[in-house]
Amino acid sequence: MTSRRLDREIARVVDGGLCSGCGACCQLDPAVTMELDGEGYSRPCRSHPSASTEREDRALARQFRSVCPGVVVRAPAPPGSVRHPTMGPALGVWEAWAADEDIRHRGSSGGVLTALAGWLVEEGEAAYVIGAGADADDPRRTVSVRIMSRDEALAASGSRYAPVSTAAAVGALDPAAAVVGKPCEASALRSLASARGGAEPLILSFFCAGTPSQHATDALVGSLGAPVDTRLESLRYRGNGWPGDFTARTTRGEQVTMSYDESWGRHLGPTVQWRCKVCVDGVGESSDVSAGDFWRTDARGYPVFVEGAGVSALIARTPRGLDVVRRAVEAGVLVARPVDIDAIAAVQPLQRTRRETLLGRLVGAALAGRRSPRYRGFGLLGLALGRPRDAIRTARGTRARVRRLSR
Ligand SMILES: Cc1cc2nc3c(=O)[nH]c(=O)nc-3n(C[C@H](O)[C@H](O)[C@H](O)COP(=O)(O)OP(=O)(O)OC[C@H]3O[C@@H](n4cnc5c(N)ncnc54)[C@H](O)[C@@H]3O)c2cc1C
Ligand code: SF4
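Using this note's numbering, you'd call the opening residue of the sequence shown number 1411 and step up by one each time.
Dropping the structure here:
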């Protein structure tokens, strides 16, 4: 029997351009899998008819509506946390990096997520960690990976600016596991895990400006001199320095590179999917621990991408996350110095501005006839009232852009 209601709910999100590609719906029905669509984004597809009954189908559709980040995202309020208007709940805030120099160098910013992943599995604190890495057969593609050792954590280090659906991974809800995922994946997994009751996996997340199309990676590698029929040995988007270069190496030993600033700014960033442009949470609020770049900035507060030793902004969001960070520091895995959370907001102009003006974008999209997810508890009205002119300008700009795109 087909899972009609669940399919209709998923289609509503996908057709409305609100799917983030997180993959959480695959946890509800194993007959739903994630595939790249024609535009190069990861989207749910039914691979074979579902075995669920009418009653089960209704229950699955209900669950979907409460976990899918294309339908709803709720601001969490973990016990003991203090909420920052743009950086979310926090119990501890640091600038941090991996004590292991190799991990720090290979990591995206300070290598803290890689260091934590390696430590959690080596110490037996997590049976495995689910992360994302290059597909061994075709490194142009990004796949979810199961990390069982420090070396495997190191192999999965670095941000990958391409679609991957971590919340779809087998074992992503296993309480014995830890998961590293984008904020939308953290939110969906948290909702799913808490709806099921009992213990939850440890959820690590990172600051995220959105998922670009796979086509952007393919086109970028091609424009650098390695067209699609050239076999690649490796592809990294950054890391190996901070921020480090976009680097692809062919199996013939040739290497092509482009700076982070240019690869993200000109090629990858402009192809970010629509759902990410109206995202309320780019800072991983639903995680136990989240990390971002603790950028150095110019006089106007904009990040400067001068190569240096990586430094992460690290936020413990739950008592469990605080305990993990403290013990990782005590064990000599992380080096961490407490900082004021405002110092992090100050070096993350994109995340700050995006949330402060999001209400304007949502209103603009609505005026142009586009639906948005429901966002609960993020204080968007208060933030917009703090910047009324920007909110109005954003609303007008979004309405015009969406109308232009729909013609
Ligand atoms: C799509 C995307 C957008 C980003 N936008 C921002 C931003 O706006 N501001 C900012 O400060 N930083 C951004 N980052 C970078 C991110 O914040 C850094 O990875 C973070 O600082 C953690 O650094 P680290 O050195 O601890 O990470 P690492 O030690 O390098 O570990 C990175 C971890 O993330 C996992 N991972 C990598 N790519 C993905 C992916 N696409 N989906 C799921 N898991 C993945 C890896 O498996 C690894 O476990 C973005 C990263 C991505 C992938
Ligand atoms: S946002 Fe996630 S849960 Fe919702 S339809 Fe897309 S992949 Fe499925």
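Ideal placement from N, C-alpha and C gives every residue a C-beta, glycine not left out. Since this is a predicted model, take the numbers as computed values, not measurements.
Could you tell me the alpha carbon to alpha carbon distance between T1496 and P1759, rounded to whole angstroms?
Residue 1496 sits at position 86 when you count from the first residue of the sequence shown. Residue 1759 sits at position 349 when you count from the first residue of the sequence shown. The straight-line gap from Cα to Cα measures roughly 10 angstroms.
For S1696, which residues from the same chain have a beta carbon less than 6 angstroms from its beta carbon, with the 5 sequence-adjacent residues on both sides left out?
Sequence index remark: in the sequence shown, residue 1696 carries index 286 (1-based). Spatial neighbours of S1696 in its own chain (CB-CB distance under 6 angstroms, excluding positions within 5 residues in sequence) are listed in chain order as P1486, A1596, S1597 and R1600.
Judging by CA-CA distance, which residue of R1781, W1504 and G1517 is the nearest neighbour of V1812?
By 1-based counting over the sequence shown, the position of residue 1812 is 402. The shortest C-alpha separation from V1812 is found at R1781.
Excluding the five sequence neighbours on either side, which residues of its own chain have a C-beta within less than 6 angstroms of the C-beta of A1805, listed in chain order?
The residue labelled residue 1805 in the question sits at position 395 within the sequence shown. The residues are G1770, V1773 and G1774.
Nearest by alpha-carbon distance to L1602: which of R1414, D1425, C1436 and G1718 is it?
Against the sequence shown, residue 1602 aligns to sequence position 192. The option with the nearest alpha carbon to L1602 is C1436.
Could you check if A1810 is buried or exposed, using at least 16 other CB atoms within 10 Å of its CB as the buried criterion?
Your numbering for residue 1810 matches position 400 in the sequence shown. Burial call: exposed.
List the endpoints of the continuous beta strand (DSSP E) containing H1515.
Here residue 1515 refers to the residue found at position 105 of the sequence shown. Not the beta strand (DSSP E): H1515 falls in the alpha helix (DSSP H), residues E1511 to R1516.
Using three-state DSSP, classify Q1683 as helix, strand or coil.
Numbered from its first residue, the sequence shown carries residue 1683 at position 273. DSSP places Q1683 in the coil class of the three-state scheme, outside both helix and strand.
Excluding the five sequence neighbours on either side, which residues of its own chain have a C-beta within less than 8 angstroms of the C-beta of D1750, listed in chain order?
Locating residue 1750 in the sequence shown gives position 340, where the first residue counts as 1. The answer, listed in chain order, is V1503.
Mapping the DSSP letters down to three states, classify Q1624 as helix, strand or coil.
Taking the sequence shown and counting its residues from 1, one reaches residue 1624 at position 214. Three-state result, Q1624: helix.
Using CA atoms only, rank isn't needed, just tell me which of P1573, H1515, E1740 and E1466 is closest to P1622.
Here residue 1622 is taken as the residue at index 212 of the sequence shown, counted from 1. Of the candidates P1573, H1515, E1740 and E1466, the one whose C-alpha sits nearest the C-alpha of P1622 is P1573.
Tell me where the alpha helix (DSSP H) around V1757 begins and ends.
On the sequence shown, residue 1757 is found 347 positions in, with the first residue counted as 1. From DSSP, V1757 is part of no alpha helix (DSSP H); its letter is neither H nor E.
Within this structure, are the beta carbons of E1419 and A1471 separated by less than 8 angstroms?
Your numbering for residue 1419 matches position 9 in the sequence shown. Your numbering for residue 1471 matches position 61 in the sequence shown. A contact, by the Cβ cut-off of 8 angstroms.
Let me make sure I understand the geometry here. Which of V1638, R1475, A1500 and L1564 has the alpha-carbon closest to that of P1549?
Residue numbering aside, residue 1549 sits at position 139 when the sequence shown is read from its first letter. Of V1638, R1475, A1500 and L1564, the residue nearest in Cα terms is V1638.
Between D1691 and Y1670, is the Cβ-Cβ spacing less than 8 angstroms?
One-based indexing of the sequence shown puts residue 1691 at position 281. One-based indexing of the sequence shown puts residue 1670 at position 260. No; because the gap between Cβ atoms is not below 8 angstroms, this pair is not in contact.
Quick one: give me the first and last residue of the alpha helix (DSSP H) that V1522 is part of.
Here residue 1522 corresponds to residue number 112 of the sequence shown, with the count starting at 1. Counting along the chain, the alpha helix (DSSP H) containing V1522 begins and ends at V1522 to E1532.
Using the DSSP secondary-structure output, state which residues sit across from S1652 in a beta bridge.
For the purposes of this step, residue 1652 is taken as residue 242 along the sequence shown, with counting starting at 1. Position check: residue 1652 holds Trp in this sequence, whereas Ser was assumed. DSSP lists G1718 as partners of W1652.
Compute the minimum distance between the beta carbon of G1711 and the heavy atoms of ligand 2, and state whether it is under 7 angstroms.
Within the sequence shown, numbered from 1, the residue matching residue 1711 stands at position 301. Incorrect: G1711 has no Cβ contact closer than 7 angstroms to ligand 2.
Return the CA-CA distance between L1446 and D1545, expressed in angstroms with no decimal places.
Here the question's residue 1446 lines up with position 36 in the sequence shown. Here the question's residue 1545 lines up with position 135 in the sequence shown. So the two alpha carbons sit approximately 14 angstroms from each other.
Given 8 angstroms as the limit, is there contact between the region 1603-1620 and the region 1696-1710, that is, 3 or more CB pairs closer than that?
A contact between stretches requires three or more CB pairs, one per stretch, nearer than 8 angstroms, and the region 1603-1620 meets this requirement with the region 1696-1710.
Closer than 7 angstroms: is that where the CB of S1460 sits relative to any heavy atom of ligand 2?
Here residue 1460 refers to the residue found at position 50 when the sequence shown is read from its first residue. Because no heavy atom of ligand 2 lies under 7 angstroms away, the Cβ of S1460 does not count as near it: no.
Since D1703 sits in a beta bridge, which residues does DSSP pair it with?
As a first step, residue 1703 must be located in the sequence shown, where it is residue number 293. DSSP lists S1722 as partners of D1703.
Can you name, in chain order, every residue of its own chain whose Cβ lies under 8 angstroms from the Cβ of E1796, other than the five neighbours on each side?
Within the sequence shown, residue 1796 is the residue found at index 386, counting from 1. One detail in the question is off: residue 1796 reads as Gly in this sequence, not Glu. Cβ neighbours of G1796 beyond the five flanking positions: E1766.
Do R1630 and L1583 have their CB atoms nearer than 8 angstroms?
Stepping through the sequence shown from its first residue, residue 1630 is reached at position 220. Stepping through the sequence shown from its first residue, residue 1583 is reached at position 173. According to the sequence displayed, residue 1630 carries Leu and not Arg. Cβ atoms of L1630 and L1583: not closer than 8 angstroms.
How should R1814 be labelled, buried or exposed, when 16 other C-beta atoms within 10 angstroms of its C-beta is the threshold for buried?
To locate residue 1814, count along the sequence shown from 1; it is residue 404. R1814 comes out exposed.
Residue nearest to S1430 in terms of C-alpha spacing, selected from T1576, E1505, D1439 and E1532:
Within the sequence shown, residue 1430 is the residue found at index 20, counting from 1. Closest by alpha carbon: T1576.
Note down the Cα distance separating G1702 from I1725, rounded to an integer number of angstroms.
In the sequence shown, residue 1702 corresponds to position 292, counting from 1. In the sequence shown, residue 1725 corresponds to position 315, counting from 1. Spanning the two alpha carbons is a distance of roughly 9 angstroms.
In its own chain, which residues sit with a C-beta less than 6 angstroms from the C-beta of R1659, not counting the 5 before and 5 after it?
Looking up residue 1659 in the sequence shown gives position 249. Same-chain partners within the cutoff: E1643, S1644 and Q1665.
Beta carbon of P1488 nearer than 8 angstroms to that of P1729:
As a first step, residue 1488 must be located in the sequence shown, where it is residue number 78. As a first step, residue 1729 must be located in the sequence shown, where it is residue number 319. Yes, they are a contact pair.
Nearest candidate by alpha-carbon position, reference A1778, set G1807, S1567 and G1541:
In the sequence shown, residue 1778 corresponds to position 368, counting from 1. The shortest Cα separation from A1778 among G1807, S1567 and G1541 belongs to G1807.
Quick one: what's Y1670 bridged to in DSSP?
In the sequence shown, counting from the first residue as 1, residue 1670 sits at position 260. Looking at the DSSP assignment, Y1670 forms no beta bridge with any residue, so it has no partner.
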